[in-house]
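**Q** Those letters in the sequence shown? Residues 11 to 435, per my numbering, in order.
We put the beta carbon where it would ideally sit given N, CA and C, even for glycine.
Below you'll find the structure I mean.
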Amino acid sequence: MIGSGGREDALSWRLARSPSCSLVAACPGNAGTASRGANWEDLVATDGKGIAERSRREGIDLAVIGPETAIAAGVADHLRSAGIATFGPSRRAGRLETSKVFAKRFMERHGIPTASAQVVHSLQAAKKVLAEWDGACVVKADGLASGKGVVVVDSAREAEDLLQRWFGDEGVPGGGREVLLEECLTGREVSVFALGDGSSFRIFGSACDYKRASDGDTGPNTGGMGAYSPPTDFPREFVDVIHSRILEPLLRGLSAERERYVGVIYCGLMWTAHGPYVIEFNVRFGDPETQVLMPRVRGDFAQLLAAIANGSPDRPGVDLDDQSCVGVVLATADYPRTSTPLEGLTNDLALSHGCAAFWGASRLNGSFITASGGRVLTVTALGADVTTARHSAYAAVDTVTQRFGKDRPLRFRRDIAAPPVLLRW
Ligand code: AMP
Ligand code: GLY
């Protein structure tokens, strides 16, 4: 398991519970993954050569890649060249996430519904485009910018002010020069995951996440403060619509561009009055969406990922439970402005049946845990419906915050999966 966040803890937890799996090593791993095998702490998640060498030496049968940074660094390519079965796309296919301009052009080439957009390289060019602009505008930096590269503004005037800073002293987030000016879509957002084996995509769950820091979707953007799965009243026919309008043209496009996509594709969709539009593709699982997806998985998940990575047609029966799962992220008080490490935490959380807690970046020091800061834990609970799951998740959050005490305050949103989610599509 490559990576060190809550997503990787949840994946490693689910892999370790698979009958076919004897041990999960994590690279570099965190306080949660440490209990399931070795943490390769001396390697970083982007060191493809080092990870491939160690994997061969240790007889690893399957590598699962968590973060986009590892994909962008070509870790999957290194592992495959070393003969290790790998669940995660190549660096080249990773451009669907790592370059928003590449992704936009790809979608336009292959007829995948997405917001219309124009690419600009300078303030002067932006001003020209914005002179004709009507209404809200989504301004997107081209490269990976850890959630800081997308700003939705209400008017062309505000877009221009922002770009004055981006093309001025501040620099474009992510360090590139290209910026997209995109039509602002309205609708309901949903994250849909599909597993790709090189010749097909199969939908494997969906979730809704909460990106803003504070209740009522206010405050700055974060990596994600909570999630629930499945989205409420997600009509079954949506699966067919997503297949025919998004995944089939995506597969045809990849094949036309000679790319075999092995791994998960995360479709960030806006469900508009005209159906689903792609806001973004990510070439990995979501965080914290994975933390609410993994507790719903039934069957030998490790065997499924291994079959996909090996190109084997024999797939074990793996499904998602009908129960709902709600996850609440507990973060350090200063997140997302800064991330101050927090020491002296414990893993002994005594949560009720059906609840789990997944660690973000952290280290086990003897019997205590030091969290790097930022997103410390995702606390999850299963329930017969989203309301029951939500109730149990917040009860578990209380247990955890009491256990940590007032000296180690963690902040969290109180409205994850709260009633507006029950709005109809
Ligand atoms: P991204 O980093 O591309 O996921 O964008 C972050 C957030 O910005 C998304 O989750 C949406 O809420 C919003 N967003 C991005 N693109 C659009 C768009 N074209 N229309 C409306 N909202 C958008
Ligand atoms: N939760 C959003 C992401 O993983 O990109």
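Run the proximity test for cysteine 194: is its beta-carbon closer than 8 Å to any non-hydrogen atom belonging to the ligand AMP?
**A** On the sequence shown, position 184 is the one that residue 194 refers to. It does: the Cβ of cysteine 194 is within 8 Å (strictly closer) of some heavy atom of the ligand AMP.
**Q** Assuming contact is defined by CB atoms lying nearer than 9 Å, are glycine 197 and tryptophan 281 in contact in what I supplied?
**A** What you label residue 197 is simply residue 187 of the sequence shown in a count that begins at 1. What you label residue 281 is simply residue 271 of the sequence shown in a count that begins at 1. Cβ atoms of glycine 197 and tryptophan 281: closer than 9 Å.
**Q** Nearest by alpha-carbon distance to alanine 92: which of Lys110, Arg102, Gly76, Asp71 is it?
**A** By 1-based counting over the sequence shown, the position of residue 92 is 82. By alpha-carbon distance to alanine 92, the top candidate from Lys110, Arg102, Gly76, Asp71 is Asp71.
**Q** If contact is defined by three or more beta carbon pairs under 8 Å, each pair taking one atom from either stretch, is the segment 29–37 in contact with the segment 391–407?
**A** No, the segment 391–407 does not touch the segment 29–37.
**Q** Evaluate contact between the segment 370–386 and the segment 348–355, counting only Cβ atoms and requiring at least three cross-stretch pairs below 8 Å.
**A** yes
**Q** Around the ligand GLY, what residues have a beta-carbon under 6 Å from a heavy atom of it, in chain order?
**A** Asp219, Gly234, Asn292, Gly296, Asp297, Glu299
**Q** So what does DSSP say about glycine 436, is it helix, strand or coil?
**A** Residue coverage of the chain in this structure runs from 11 to 435, which leaves residue 436 outside it and unanswerable.
**Q** Just the C-alpha distance for glycine 364 and serine 100, rounded to the nearest angstrom, thanks.
**A** Here residue 364 corresponds to residue number 354 of the sequence shown, with the count starting at 1. Here residue 100 corresponds to residue number 90 of the sequence shown, with the count starting at 1. When rounded, the distance between both Cα atoms is 36 Å.
**Q** Provide the residue(s) that pair with lysine 114 in DSSP beta bridges, ordered along the chain.
**A** To locate residue 114, count along the sequence shown from 1; it is residue 104. DSSP lists no partner for lysine 114.
**Q** Checking 9 Å against the spacing of the C-beta atoms, do glycine 153 and threonine 108 come in under that value?
**A** As a working note, residue 153 is residue 143 in the sequence shown. As a working note, residue 108 is residue 98 in the sequence shown. Yes, they are a contact pair.
**Q** Which residues in the same chain as valine 338 place their Cβ atom closer than 6 Å to its Cβ, once the five residues preceding and following it in sequence are excluded?
**A** The residue you call residue 338 lines up with position 328 of the sequence shown. Answer for valine 338: Gly236, Val389, Ala403, Val407, Phe422, Ile426, listed in chain order.
**Q** Compute the Euclidean distance between the alpha carbons of alanine 367 and leucine 387, then round it to the nearest angstrom.
**A** What you label residue 367 is simply residue 357 of the sequence shown in a count that begins at 1. What you label residue 387 is simply residue 377 of the sequence shown in a count that begins at 1. When rounded, the distance between both Cα atoms is 6 Å.
**Q** By DSSP's criteria, asparagine 375 is part of a beta bridge. Which residues make up the other side?
**A** In the sequence shown, counting from the first residue as 1, residue 375 sits at position 365. Note: asparagine 375 is bridge-paired with Phe378 in the DSSP secondary-structure output.
**Q** Round the Cβ separation of alanine 135 and valine 163 to the nearest angstrom and send it over; I've been treating them as touching at under 8 Å.
**A** The residue you call residue 135 lines up with position 125 of the sequence shown. The residue you call residue 163 lines up with position 153 of the sequence shown. Not really, about 17 Å apart at Cβ, beyond 8 Å.
**Q** How would you label threonine 300, buried or exposed, when you count the other beta carbons within 10 angstroms and need 16 or more for buried?
**A** The residue given as residue 300 occupies position 290 in the sequence shown. Per the 10 Å Cβ criterion, buried.
**Q** Pick out whichever of Val336, Thr79, Met117 has its Cα sitting closest to the Cα of valine 302.
**A** Looking up residue 302 in the sequence shown gives position 292. If we check each option's Cα against that of valine 302, Val336 comes out closest.
**Q** Rank Gly234, Ser132, Asp179 by C-alpha distance to the C-alpha of alanine 223 and give the top, closest one.
**A** For this step, residue 223 is matched to residue 213 along the sequence shown. If we check each option's Cα against that of alanine 223, Gly234 comes out closest.
**Q** With distances taken Cα to Cα, identify the nearest neighbour of aspartate 395 among Ala428, Ala371, Lys416.
**A** By 1-based counting over the sequence shown, the position of residue 395 is 385. Closest option to aspartate 395, Cα to Cα, is Ala428.
**Q** What residue from Arg27, Ala73, Arg66, Asp250 has the CA that sits closest to valine 272's CA?
**A** To locate residue 272, count along the sequence shown from 1; it is residue 262. Ranking the options by Cα distance to valine 272, first place goes to Ala73.
**Q** So, alanine 26 versus glycine 13, is the Cβ gap smaller than 9 Å?
**A** In the sequence shown, residue 26 corresponds to position 16, counting from 1. In the sequence shown, residue 13 corresponds to position 3, counting from 1. Contact flag unset, no.
**Q** Quick one: Cα of arginine 90 to Cα of isoleucine 275, how far?
**A** Counted from its first residue, the sequence shown places residue 90 at position 80. Counted from its first residue, the sequence shown places residue 275 at position 265. So the two alpha carbons sit approximately 19 Å from each other.
**Q** Tell me the start and end of each unbroken alpha helix (DSSP H) in the segment 259–334 that is at least 4 residues and wholly inside, in chain order.
**A** 299–303, 311–320
**Q** Bridge partners of threonine 388, per DSSP?
**A** Start at 1 with the first residue of the sequence shown, and residue 388 comes out as number 378. The partner list for threonine 388 (beta bridge, DSSP) reads Val339, Phe368.
**Q** Could you check where the alpha helix (DSSP H) with valine 139 kicks off and where it finishes?
**A** Taking the first residue of the sequence shown as 1, we reach residue 139 at position 129. Counting along the chain, the alpha helix (DSSP H) containing valine 139 begins and ends at 133–141.
**Q** In whole angstroms, give me the CA-to-CA distance for histidine 120 and lysine 114.
**A** As a first step, residue 120 must be located in the sequence shown, where it is residue number 110. As a first step, residue 114 must be located in the sequence shown, where it is residue number 104. C-alpha separation (whole angstroms): 10 Å.
**Q** Say yes only if the C-beta of glutamate 199 is nearer than 8 Å to one or more non-hydrogen atoms of the ligand AMP, and no if none qualify.
**A** Reading the sequence shown from its first residue, position 189 is the one you call residue 199. Yes, the ligand AMP has a heavy atom inside 8 Å of this Cβ.
**Q** Can you list, in chain order, the residues of its chain with a C-beta nearer than 8 Å to that of glycine 296? Leave out the 5 residues immediately preceding and following it.
**A** Position 286 of the sequence shown, counting from 1, holds the residue named residue 296. Closer than 8 Å at Cβ, skipping near neighbours: Arg17, Ser201, Phe203, Ala217, Asp219, Gly234, Ala237, Tyr276.
**Q** Alpha helix (DSSP H) containing lysine 150: first to last residue?
**A** Taking the sequence shown and counting its residues from 1, the one referred to as residue 150 is at position 140. Lysine 150 -> not in any alpha helix (DSSP H); beta strand (DSSP E) instead, spanning 147–151.
**Q** Which of helix, strand or coil does DSSP assign to serine 254?
**A** Locating residue 254 in the sequence shown gives position 244, counting from the first residue. Three-state DSSP puts serine 254 in a helix.
**Q** In terms of alpha-carbon separation, which member of Ser254, Ser156, Gly178 lies closest to isoleucine 213?
**A** Locating residue 213 in the sequence shown gives position 203, counting from the first residue. Of Ser254, Ser156, Gly178, the residue nearest in Cα terms is Ser254.
**Q** Indicate whether alanine 169 and leucine 191 have their beta-carbon atoms separated by less than 9 Å.
**A** Here residue 169 refers to the residue found at position 159 when the sequence shown is read from its first residue. Here residue 191 refers to the residue found at position 181 when the sequence shown is read from its first residue. Going by C-beta atoms, alanine 169 is nearer than 9 Å to leucine 191.
**Q** Taking the beta carbon of histidine 512 as the centre, do at least 16 other beta carbons fall within 10 Å, making it buried, or is it exposed?
**A** In the structure as shown, the chain starts at 11 and stops at 435, and residue 512 therefore has no counterpart that could be examined.
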